[in-house]
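Trainee: Counting from 1, position 370 in the sequence shown corresponds to residue 370 in UniProt numbering; the numbering is continuous, with no gaps.
No residue lacks a Cβ here, since even glycine has one placed at the ideal position from N, Cα and C.
Computed from a predicted structure; not experimentally measured.
Here's a structure for you.
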Amino acid sequence: MTYQTEYKAWKDAPEAYWMKQAEAIDWVSPPSKALFDEGAPLYEWFADAQVNTCWNAVDRHANGARATQAAIIYDSPVTGQKTTITYAELRDRCALMGGALKRQGVEPGDRVIIYMPMVPEALVAMLACARIGAVHSVVFGGFAAHELAVRIDDATPKAIIAGSCGIEPGRTVEYKPLLDDAIEQAAHKPEFCVILQRSHCEATLIPGRDHEWYDFIEGAELVDCLPVSGNHPAYILYTSGTTGAPKGVVRHTAGHLVALNWTMKNVYGVDPGEVFWAASDVGWVVGHSYICYGPLIHGNTTVLFEGKPVGTPDAGTFWRVMSEHKVASFFTAPTAFRAVKQQDPKGDLVKNYDLSHLRYVYLAGERADPDTIHWLQDMLGKPVLDHWWQTETGYAIVCNPVGIEQLPVKVGSPTVPMPGYDVQILGEDGTPLPAGDLGAIAIKLPLPPGTLPTLWNAEERFIKSYLATFPGYYETGDAGYIDEDGYLYIMARTDDVINVAGHRLSTGAIEEALAGHPDVAECAVIGVADELKGQLPLGLLCLNAGVNRPEGEIIAECVKRVREQIGPVAAFKLATVVQRLPKTRSGKILRGIMVKIADDQPYKAPATIDDPAILAEIKEALQSMGYAGKA
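Printed below as a string of structure tokens:
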């Protein structure tokens with residue numbers, strides 16, 4: 001098959017195409033059909049099937065030829081630990097934790113929040129929930145208490161499973177005080193918590209509510225996998241909303257299984273039994289799809305890495321892990337390789353390791369800049385492949401499908417749409433644009449299996465956020481164009497979500513934290529270009545009249561507020577005081593113009609601007625911080 005014939009096979013008969021892919025899954029009761037469209041524009045896939053995720057990811061391999069194959073390789077340079085867990089061992093661990101949760105009253109459909117570092121127990125917790133039909137919601141370990149509290153109130157979990165701490169280079173991040181603070185802030189209270197005590201930091205447990213992990217599972221029954229319906233939620237994963245509450249992306253069980261299994265060979269080019277490594281975190285969608293579920297469903301070995309691309313201990317740690325564990329296909333964010341390149345620009349450390357097993361390197365999470373791609377290609381002599389997807393879709397919308405046909409690479413483009421995705425470029429009026437024209441990137445409905453069917457308890461918000469702008473289409477929020485060969489180019493976000501080291505962060509949420517400072521009258525946050533992290537948030541603060549404190553003190557307090565309310569993941573350290581912000585006459589702050597000024601890009605003041613003279617003031621303020629070119 002070529003890419004064109006595969007894509008055409010889907011387009012000519014989409015339901016037959018996905019029913020064929022569904023044959024790779026172990027069904028308790030197979031689906032009668034693929035697409036359930038009675039609720040359009042809300043769609044479901046394989047809704048009447050009966051199936052279990054943990055069975056497909058663990059038991060069917062453990063009970064067959066892969067019992068002694070490594071399911072998880074845990075490699076933790078920050079603690080010096082390395083562990084290999086076979087499929088048989090993983091099955092028993094999941095069955096035991098599932099039994100313990102069931103014994104404590106967790107029932108099918110109950111939510112369980114998981115707030116853990118990159119340890120095997122995090123995957124066990126996720127899979128154990130899937131085993132008993134509970135719906136997990138993983139929150140990035142170390143997320144600020146306020147952000148965790150918002151998620152507790154939205155998901156209303158019966159239980160929270162957490163680690164006592166996370167280990168960072170040179171420091172320990174205590175999770176338990178953040179968890180306690182979040183539960184205190186939240187209106188909803190979980191019935192119990194399970195805490196994995198790590199030797200670096202033992203948490204204080206609250207009697208009656210908190211259980212130590214090993215005490216909790218002791219004596220529990222090894223439970224079997226519980227069949228659930230195809231449209232049963234596998235998990236909820238929160239993504240940044242530009243304002244207000246984060247959006248709880250829902251993933252239905254059956255479509256998730258079919259889609260992720262399909263991607264392992266077709267997108268990432270690996271066969272069952274080979275080692276796959278996604279250097280991400282279980283708190284993000286990449287961790288769900290390609291540390292936990294995708295590789296295990298497909299019968300691969302997944303690498304669980306607790307470390308950083310640099311500093312654990314040096315810029316060669318990625319190459320060491322790839323060499324030591326014979327990684328065939330590797331996936332990370334461009335920012336990770338920018339950090340490696342910054343510390344080892346000539347690639348001297350690459351030469352110390354045997355990378356003969358490595359076939360492909362994949363980049364996603366933010367735009368892959370050509371410098372980084374060219375550097376990697378020169379260092380490795382391997383294909384370096386950008387691909388584009390979102391938390392909402394759960395897997396690649398656009399990529400180079402090496403398992404079908406490896407297409408020519410055009411640096412700057414993530415390549416072509418995958419089966420299931422009819423990607424179009426639309427004008428403001430919703431009409432499709434010709435090749436080469438810049439417009440809104442949208443996907444014709446229905447979205448394929450495995451993508452979000454809705455938001456958790458927020459159907460109206462789902463429709464308003466994604467489906468209302470262009471009826472009949474899913475709005476991606478990105479802008480770009482398609483060239484004459486069908487290659488997509490992503491050019492910008494169409495909203496104000498910025499991308500810091502592969503993590504999408506809401507400028508609105510950061511502004512909310514800043515605006516809460518008693519001396520701040522008004523503020524704006526923009527994403528400025530950063531060589532290492534892609535973008536960094538920069539705050540422009542207008543102070544209340546009569547404030548006569550040193551500006552440096554106020555800025556330091558604002559930085560602290562963002563760290564407390566959003567978390568260190570925001571990387572918020574840049575702020576300056578300005579007299580006023582550029583706005584339209586209707587009061588809309590012109591963030592896009594300020595981004596262009598900061599990045600020293602050409603810009604044109606819009607006709608709707610209230611006072612064009614203010615742009616010179618903003619430029620001067622940004623130049624004082626080292627942005628916006630030379631004064």
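Using the Cα positions of A88 and R131, report the straight-line distance between them to the nearest angstrom.
Mentor: So the two alpha carbons sit approximately 15 Å from each other.
Trainee: Exposed or buried, P207, counting other C-beta atoms within 10 Å across all chains shown (16 or more means buried)?
Mentor: exposed
Trainee: Closest to residue 654 by CA distance: which of S76, A22, K33 and D37 is it?
Mentor: Only positions 1 to 631 of the chain appear in this structure, which leaves residue 654 out of reach.
Trainee: Along the chain, which unbroken stretches of the beta strand (DSSP E) at least 3 residues long are found entirely within the segment 223-281?
Mentor: 233-239, 247-252 and 275-278
Trainee: Answer with yes or no whether the minimum CB distance from L376 to chain C is below 9 Å.
Mentor: In summary, chain C is missing from the structure at hand, where a single protein chain is found.
Trainee: My parser needs the alpha helix (DSSP H) runs of 4 or more residues fully inside the segment 288-325; what are they?
Mentor: 294-297 and 317-325
Trainee: Is the beta carbon of L438 less than 9 Å from the beta carbon of G480?
Mentor: yes
Trainee: Comparing C-alpha positions only, which one of N261, L304, E274 and V275 sits nearest to V282?
Mentor: L304
Trainee: Which of helix, strand or coil does DSSP assign to F337?
Mentor: Under the three-state reduction of DSSP, F337 is assigned to helix.
Trainee: Indicate whether Y421 and P448 have their beta-carbon atoms separated by less than 9 Å.
Mentor: Taking 9 Å as the Cβ cut-off, Y421 and P448 qualify as a contacting pair.
Trainee: Considering only their Cβ atoms, is the gap separating L452 from G365 smaller than 9 Å?
Mentor: It is not a contact, given that the beta carbons lie outside the stated cut-off.
Trainee: Please report how far the alpha carbon of G477 lies from the alpha carbon of G527, in whole angstroms.
Mentor: Note on geometry: alpha-carbon atoms of G477 and G527 lie some 16 Å from one another.
Trainee: Taking the alpha-carbon positions, what's the residue 666 to I614 distance?
Mentor: Because the chain is modelled from 1 through 631, residue 666 falls outside the range shown and cannot be assessed.
Trainee: Who are the near neighbours of D519 in its chain, counting only those whose CB is closer than 6 Å to its CB and skipping five residues on each side?
Mentor: L543, N544, V547 and I554
Trainee: Could you pull out every residue in the same chain whose Cβ sits closer than 7 Å to the Cβ of V340, ignoring the five residues on either side in sequence?
Mentor: P309, V310, A315 and F318
Trainee: Assess contact between the segment 63-76 and the segment 197-204, defined as three or more Cβ pairs (one per stretch) separated by less than 8 Å. Is contact present?
Mentor: no
Trainee: With distance defined between alpha-carbon atoms, name the residue in K82, H61 and E191 nearest to E107.
Mentor: E191
Trainee: Less than 9 Å between the C-beta atoms of S164 and R151, yes or no?
Mentor: no
Trainee: Based on Cα-Cα distance, which residue from F143, L380, E324 and I373 lies nearest to G347?
Mentor: When each option's Cα is compared against that of G347, the closest is L380.
Trainee: With DSSP run on the structure shown, which of helix, strand or coil describes F36?
Mentor: strand
Trainee: Is DSSP giving A628 helix, strand or coil here?
Mentor: coil
Trainee: Can you list the beta strand (DSSP E) stretches of 3 or more residues lying completely in the segment 186-214, in chain order?
Mentor: 192-196 and 210-212
Trainee: What are the residues that DSSP puts in a beta bridge with F140?
Mentor: F140 pairs with nothing; no bridge assigned.
Trainee: DSSP beta-bridge partners for V384?
Mentor: V361
Trainee: Using the rule of at least 16 other Cβ atoms within 10 Å of the residue's Cβ for burial, across every protein chain shown, is K102 buried or exposed?
Mentor: With 16 or more other Cβ atoms within 10 Å, it is buried.
Trainee: Taking only the alpha-carbon atoms, compute the straight-line gap between D110 and A134 and give it to the nearest angstrom.
Mentor: 5 Å
Trainee: Starting from A130, trace the beta strand (DSSP E) both ways and give me its first and last residue.
Mentor: Unbroken run through A130 is the alpha helix (DSSP H), P120 to I132; no beta strand (DSSP E).
Trainee: Roughly how many angstroms separate the alpha carbons of H146 and Y238, rounded to a whole number?
Mentor: 14 Å
Trainee: Are the Cβ atoms of G99 and A220 separated by less than 9 Å?
Mentor: yes
Trainee: From G80 to G248, what does the alpha carbon distance come to, in whole angstroms?
Mentor: 35 Å
Trainee: In whole angstroms, give me the CA-to-CA distance for residue 692 and E174.
Mentor: A query on residue 692 cannot be resolved here, the shown segment of the chain reaching from 1 to 631 and no further.
Trainee: Measuring only the C-alpha atoms, how far is D429 from A440?
Mentor: 10 Å
Trainee: To the nearest whole angstrom, what separates the beta carbons of L358 and K382, a pair I think is in contact under 8 Å?
Mentor: 6 Å
Trainee: Using a Cβ distance threshold of 8 Å, determine whether the segment 52-59 contacts the segment 115-128, with at least three qualifying pairs required.
Mentor: yes
Trainee: Measuring alpha carbon to alpha carbon, tell me which residue in G629, S465, I618 and Y489 is nearest A435.
Mentor: Y489
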